[in-house]
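Q: In my numbering, the protein residues as written are 123 to 1241. Even for Gly, the Cβ is constructed at its ideal location relative to N, Cα and C. Keep in mind the model is a prediction, meaning the values are calculated, not measured.
1. Measure the alpha-carbon distance for residue 1226 versus residue 478 and round it to whole angstroms.
2. Please classify residue 687 as buried or exposed, where buried requires at least 16 neighbouring CB atoms within 10 angstroms.
3. Return the Cβ separation of residue 627 and residue 514 in integer angstroms, given the expectation that the two are a contact with Cβ distance under 8 Å.
4. In the DSSP assignment, the alpha helix (DSSP H) including residue 957 goes from what residue to what residue?
5. Assuming residue 840 contacts residue 548 (C-beta within less than 8 Å), just tell me the rounded distance between them.
6. Can you tell me whether residue 1237 is buried or exposed? The criterion is at least 16 other CB atoms within 10 Å of its CB, across all chains shown.
7. If you draw a straight line from the alpha carbon of residue 1233 to that of residue 1043, how long is it in whole angstroms?
8. Determine the extent of the alpha helix (DSSP H) in which residue 476 is found, giving its start and end residues.
9. I'd like to confirm the pairing. Which residues does DSSP put opposite residue 716 in its beta bridges?
10. For a test of the three-state rule: what should DSSP assign to residue 1204, helix, strand or coil?
11. Roughly how many whole angstroms lie between the Cα atoms of residue 1207 and residue 1197?
12. Got a sec, what are the start and stop residues for the alpha helix (DSSP H) residue 862 sits in?
13. Taking the beta carbon of residue 210 as the centre, do at least 16 other beta carbons fall within 10 Å, making it buried, or is it exposed?
14. Tell me the rounded alpha-carbon separation between residue 803 and residue 962.
15. DSSP state of residue 758, grouped into three classes?
16. Within this structure, are the beta carbons of residue 617 and residue 601 separated by less than 8 Å?
17. Which residues in the same chain have their Cβ closer than 6 Å to the Cβ of residue 579, if we skip the five residues on either side of it in sequence?
18. With a threshold of 6 Å on Cβ separation, who are the neighbours of residue 946 within its own chain once the five nearest residues in sequence on each side are excluded?
19. Hey, would you say residue 728 sits closer than 8 Å to residue 709, going by beta carbons?
20. Which residues share a DSSP beta bridge with residue 1100?
21. Tell me the residue span of the alpha helix (DSSP H) that contains residue 1173.
22. Run the CB neighbour count on residue 1023, radius 10 Å, all protein chains shown included, and call it buried at 16 or more, exposed below.
23. Alpha carbon to alpha carbon, how far is residue 1037 from residue 869? Give it in angstroms, no decimals.
24. Where do the N-terminal and C-terminal ends of the beta strand (DSSP E) with residue 1044 fall, by residue?
25. Excluding the five sequence neighbours on either side, which residues of its own chain have a C-beta within less than 6 Å of the C-beta of residue 1088, listed in chain order?
26. I'd like the span of the beta strand (DSSP E) that includes residue 930, first residue to last.
27. If contact is defined by three or more beta carbon pairs under 8 Å, each pair taking one atom from either stretch, is the segment 964–979 in contact with the segment 507–521?
28. Considering only residues of the same chain and omitting the five flanking positions on each side of residue 937, which have a CB-CB separation below 8 Å?
29. Please report how far the alpha carbon of residue 449 lies from the alpha carbon of residue 1035, in whole angstroms.
30. Buried or exposed for residue 699, going by 16 or more other Cβ atoms inside 10 Å?
31. What's the call for residue 848, buried or exposed, on a 16-neighbour Cβ count within 10 Å?
32. Which runs of the beta strand (DSSP E) spanning at least 3 residues fall entirely within the segment 768–836, listed in chain order?
33. Would residue 862 and residue 836 be called neighbours here (beta carbons separated by less than 8 Å)?
34. Looking at C-beta atoms only, is the number of pairs between the segment 663–673 and the segment 607–622 that lie closer than 8 Å three or more?
35. Can you tell me whether residue 1229 is buried or exposed, with buried defined as 16 or more other CB within 10 angstroms of its CB?
36. Evaluate residue 1106 with the Cβ neighbour count: other Cβ atoms within 10 Å of its Cβ, from every protein chain shown; 16 or more gives buried, anything less gives exposed.
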């Protein structure tokens, strides 16, 4: 294949041309391609000091590149930082594959923030320069004041991957004790940035600075912000007491004996060695900003920027074999500046901040469209708003992976312990600016597939023999091309119609399925919706039945419809029930609806066929009459008992009789204790918490519901359950059928019309209107070397490969884990193809195909550089939440902690620069793994507080199982937005702050959201004018605590806050009910439960404590 192909004309359907491996365009997306030879270390926070002229003894150095040196950073086009192919510490190991291309410069100018004092140094792209003098080193150190007077420089935006974040021990000197306990006064390790990932920097020699020249002990690491003062004697730093579960506090404080050495807080130890010893030159690395201020100085937050079109660089200088931390003295205690001596507590600003990482990614990657033409690109974070251009790989809105560069061998994967998984959302809704997948109709012949593995035609298939045959990219089988699909190849071996065919040029597309893909070889009928309403005493008394019937009158006009159809093809039916079931005939020819009662719930049947499922527009008058009559008919009921399983059975039988798929909407209020199949008893027992029997609380009481769910799936009957409990209803059992049929569960505890009406109606409207695929089967195919081994989500599986979904909507995900079954090849990478066969709302049978190509690596560093922490946490939470069904909760928690420690220890051992065991070094793209994992460990499922009910835990457990990555991100780490800090006229969302009580100011108002809950916290000293503008009362004391609706007032602040609340709700799949919380009020305990960086009442560790615990675990693994 000729790699120098000329660009073919743009495709007719408006897609820009994909970039294929081996094709190097001169410019990409308007960005000039770099011609600079790659340097071993890209710029990171200011110019790099010159490297030594001669290699240390015994270290060979490759000759410098023979190309002419490129222009310096100052001449980079349009204010962009010029840098080499690899970021600092990025080492190209092994031959570069064709897709390892030039990193894409960000759009922000390099010099947009004040730099730290910079000494005159050679430009970045110069591989070697004169060593800095002693005076220069001193000048560099002088710029690192602890007091935070000078803002350090930002890393160049768009840098693919910065140095790893690391925590340095502030213990005595650096003994290799292996014990965790050398932090004085219970102090956690302060942060530093390690010099690079792989320990591959050439040692840099400088004149040894004299001890007296130290203005700061910050040796090459970040400035530490000034500390908040000493601890009281004997005071630890706030770990949980020993009596609490999950004790992860640090060891008891140890007094420092006089004369004990104490290192400067951050970073590798300073170079105090003699000039004969090659040591690390001090570099001004990225630091963490001043306390509580905006922290704009993290390393690049994004692990692997798209890389385009450069050739592999010259060989790198070899690293020194080992740097012995013991050989390097550290500054004496009496040399430390005064503010350093009193520091006993780790500063929360000195540890990786989710807010900062999210902000950096938005700034660096939000402005450019994400073009999917290159294999193995890590997409922007889920918290970043970006446009996707499909050029051959599926959009990250459909598939996100835990890593985009997977190990070539299973041994390497086992060593790293990073789970290889994809979170797939096959019917994800796209923003209006992005086109829905194109529908391809191949007529009666149907879609073209591989004869052996049955994979569908996609852009990675290779056409051979002049286009007469194609080689399957999944199993390598050679297949004939049918005559009607034949097309000639161009001079590059590509079909000349490639850009006219979505299946040859796009990552996602749909095929119209032929009759062979239909049940009983017969095209399906349009689906039906059946509304099944509990009319027992509780439902009538709460006002639920009246509210629901009133809403359905108008809601039935908004049933989902295909494309430009004038009305929906979906038919509807109605059932009410308590201990018996009432079916309604609403045939259009009737003057009044007719009711038929089935009291034999043990042997359920449907008493009528004609007139039960009807077209809304035809039977409008009869349906309206029925909905008016239902609340009146049962107004005086005294029946408190309900049935449940027979109701689902009846709905399924009705769909079976009508020979169609569909959805049941069940509105249910109480534990089904009436004599009937599926009868349940109250088994709620809090005494089981933290025992081996706790898992039974999550398991269904009876196997009857699993059997029923299996029948529902076979019929394509999906169940959505709306629960309105006043007490225990056994959500763990009632949610089995919705869970296995691809449905949803909504729960409104202690439902009151005046408080919960808006939330319930909003959820109902969205649930009825959303587009659903019915009677679906999904299969994930992979190229040789890996296979799908495990699946998580709301579905049923009757074999090991097919995910069966009675219904699938645009909010549901299926998470798939992959394992190696052979060695992978770096050249060819790995491919995934997700194929979903489903019936659309109009009754059309379709196949939706998503393809994704991933890179493969032989170096662990490449794996760690291309991971996606948000997806990793999504997978780990689902893995843990399934684990509680079969294992004690403590075992599940310990498994998570161990796996996280192994992931980070493997990185530390194999990828990080040599440094003291007292440093916690985190991979750049995984630096948030500890904080997010701690949030999962503290969640209600794994560590319930006293106020969390068994039903709540079961509800959250099944909810998280099918959440997408964006939903788990905000669910586990809620967003906290200060409302009075940003100008009132600003239309943008206020910048978030970290979820900790320390960040709350009592003169401010904050919104907190996690996708399910929405709190408005009001500080006790908030200005009177603000209180008046928002609540229309004159003082803080007059605000009603627990208020759920803000008054509609005509002033800028009120409009802004209500607008912000509306926009937050629009972003989430469920309506978030507002709760106003006043400082020092009893509701504040509920609010503080969501401040996840703090210690929780149920014994969960604070972020700082957990980081120390993680460090201890890693050190134990390494020793």
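A: Let's see:
1. Rounded to the nearest angstrom, the two C-alpha atoms are 17 Å apart.
2. With a threshold of 16 other beta carbon atoms within 10 Å, residue 687 falls short and is exposed.
3. Yes, residue 627 and residue 514 are in contact; Cβ-Cβ is about 6 Å, under 8 Å.
4. From DSSP, residue 957 is part of no alpha helix (DSSP H) but of the beta strand (DSSP E) over 952–961.
5. Contact flag wrong, Cβ pair sits at about 15 Å.
6. It counts as buried.
7. Those two C-alpha atoms are separated by around 9 Å.
8. 476–487 is the span of the alpha helix (DSSP H), which, as asked, contains residue 476.
9. Under DSSP, residue 716 shares a beta bridge with 707.
10. Residue 1204 falls in the coil class under three-state DSSP.
11. For residue 1207 and residue 1197, the distance between alpha carbons rounds to 13 Å.
12. Per DSSP, residue 862 belongs to the alpha helix (DSSP H) from 858–862.
13. Because residue 210 sits at a pLDDT of 39, beneath the cut-off of 50, its placement in the model cannot be relied upon, and the point is left open.
14. Spanning the alpha carbons of residue 803 and residue 962 requires a straight line of approximately 39 Å.
15. The answer is coil: DSSP assigns residue 758 none of H, G, I, E or B.
16. Residue 601 is positioned such that its CB atom lies no closer than 8 Å to that of residue 617.
17. The beta carbon of residue 579 sits closer than 6 Å to those of 570, 625, all from its chain and outside the five residues before and after it, given in chain order.
18. 530, 907, 952, 978.
19. Going by C-beta atoms, residue 728 is not nearer than 8 Å to residue 709.
20. Partner residues in the beta bridge of residue 1100, as assigned by DSSP, are 1128.
21. That residue, residue 1173, is in no alpha helix (DSSP H); it is neither H nor E in DSSP.
22. Counting Cβ neighbours within 10 Å, residue 1023 comes out buried, since at least 16 surround it.
23. Cα-Cα distance, rounded: 51 Å.
24. 1042–1044 is the extent of the beta strand (DSSP E) around residue 1044.
25. Correct list, in chain order: 504.
26. Segment 925–931, the beta strand (DSSP E) holding residue 930.
27. Short answer: they touch.
28. Annotation for residue 937: 543, 544, 545, 546, 913, 914, 915, 996, 997, 1000 place their beta carbon closer than 8 Å to its own, counting only its chain and skipping 5 residues before and after.
29. In this prediction, residue 449 scores a pLDDT of 34, lower than 50, which makes its location untrustworthy; the coordinate-derived value is nonetheless stated afterwards. Rounded to whole angstroms, the separation of the alpha carbons of residue 1035 and residue 449 is 16 Å.
30. The residue is buried, with at least 16 neighbouring Cβ atoms inside 10 Å.
31. That one is exposed.
32. If we require 3 residues or more, the beta strand (DSSP E) runs fully inside the segment 768–836 come out as 784–790.
33. Against a cut-off of 8 Å, the Cβ pair of residue 836 and residue 862 comes out as no contact.
34. At 8 Å Cβ cutoff, the stretches do not touch.
35. With 16 or more other Cβ atoms inside 10 Å of its own Cβ, residue 1229 counts as buried.
36. Exposed, since its Cβ has fewer than 16 Cβ neighbours within 10 Å.
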